[in-house]
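K.L.:
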Ligand SMILES: C[S@@+](CC[C@H](N)C(=O)[O-])C[C@H]1O[C@@H](n2cnc3c(N)ncnc32)[C@H](O)[C@@H]1O
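Here is the structure:
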């Protein structure tokens, strides 16, 4: 590997530094970085090398893995995560939300029960805001009840973007026209901001899926899409029972198009549509108290 002209730090990552950094990313965030990603990792960490003033990737690794490097570890993970997201991505899940999930949520809300939805790995907010728009469209009544959508992500920088809720033309192109005019407003700088009505039922928190999940109650639906694809099989397998504990007896979980619940956890969930599952035994649509 040769130093590229655009390598402003003037440093090339060698295999040893890459292996050490990849092991740290796996331990911290579950991210699997095969050797083929070395160029990508170097380019994503170049700005961290400059910002920390480290001479090369080996000394950067020594710093970031030291006790003094705790806050830099967060920034390193932030730089290494892939945050691509779109409004109404994998639209069949929003059709299911509208037709299969919302009727149950309405029944619960009318019984005075809370309704909770979790977007785990929410990136820059398009997923939780799409959920909020979908609920507003399907059942406006629901949104004046005890309903909350929690968006969590390991990456504090991307959560700031989610909170800002401001998107360019290309980013909002996935929102159907009639919703765009209802739920977006100009931000005064040529961009589009999600309006207060949609934001009101959405909350964001930093959360690493590999660590503790401090949420007390259960969720009626979890969207964890295009997140576990970055984890290995063992990490994925460790998450399914935890997700099961965090959904209600009738709860749903939606995964990304290339993700599946591991065989070892299929007794906990019933497949119900394309990369969609319900808690095993939920069968009927009867709503019981959680
Ligand atoms: C490709 S985005 C998916 C966004 C959205 N769910 C979607 O499908 O459009 C993956 C997100 O997962 C987050 N992520 C990666 N590892 C994580 C971890 N260990 N805990 C929580 N979030 C993580 C990343 O920061 C990133 O924002």
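In our numbering, the protein residues as written are 1221 to 1510. Ideal Cβ placement from N, Cα and C applies to all residues, glycine included.
#1: Is the separation between the beta-carbon of residue 1375 and that of residue 1298 shorter than 8 Å?
#2: Cβ of residue 1346 within 7 Å of any heavy atom in ligand 1?
#3: Compute the distance between the beta-carbons of residue 1261 and residue 1324, then report whether it is under 8 Å.
#4: For ligand 1, is there any heavy atom lying closer than 7 Å to the beta carbon of residue 1304?
#5: Looking only at its own chain, which residues have a Cβ that is under 8 Å from the Cβ of residue 1383, when we skip the five neighbours before and after it?
#6: Between residue 1402 and residue 1320, what straight-line distance do the alpha-carbon atoms span, to the nearest angstrom?
#7: Looking only at its own chain, which residues have a Cβ that is under 7 Å from the Cβ of residue 1245, when we skip the five neighbours before and after it?
#8: Less than 7 Å separating the Cβ of residue 1450 from some heavy atom of ligand 1?
#9: Residue 1492 by DSSP, collapsed to three states: which one?
#10: Give every residue of the same chain whose Cβ lies closer than 7 Å to the Cβ of residue 1283, excluding the five residues on either side of it in the sequence, and list them in chain order.
#11: If distances are taken between C-alpha atoms only, which option among 1247, 1236, 1385, 1371 comes closest to residue 1455?
P.N.:
In short:
#1: yes
#2: yes
#3: no
#4: yes
#5: 1345, 1424
#6: 24 Å
#7: 1251, 1253, 1297, 1300
#8: yes
#9: coil
#10: 1272, 1274, 1289, 1292
#11: 1247
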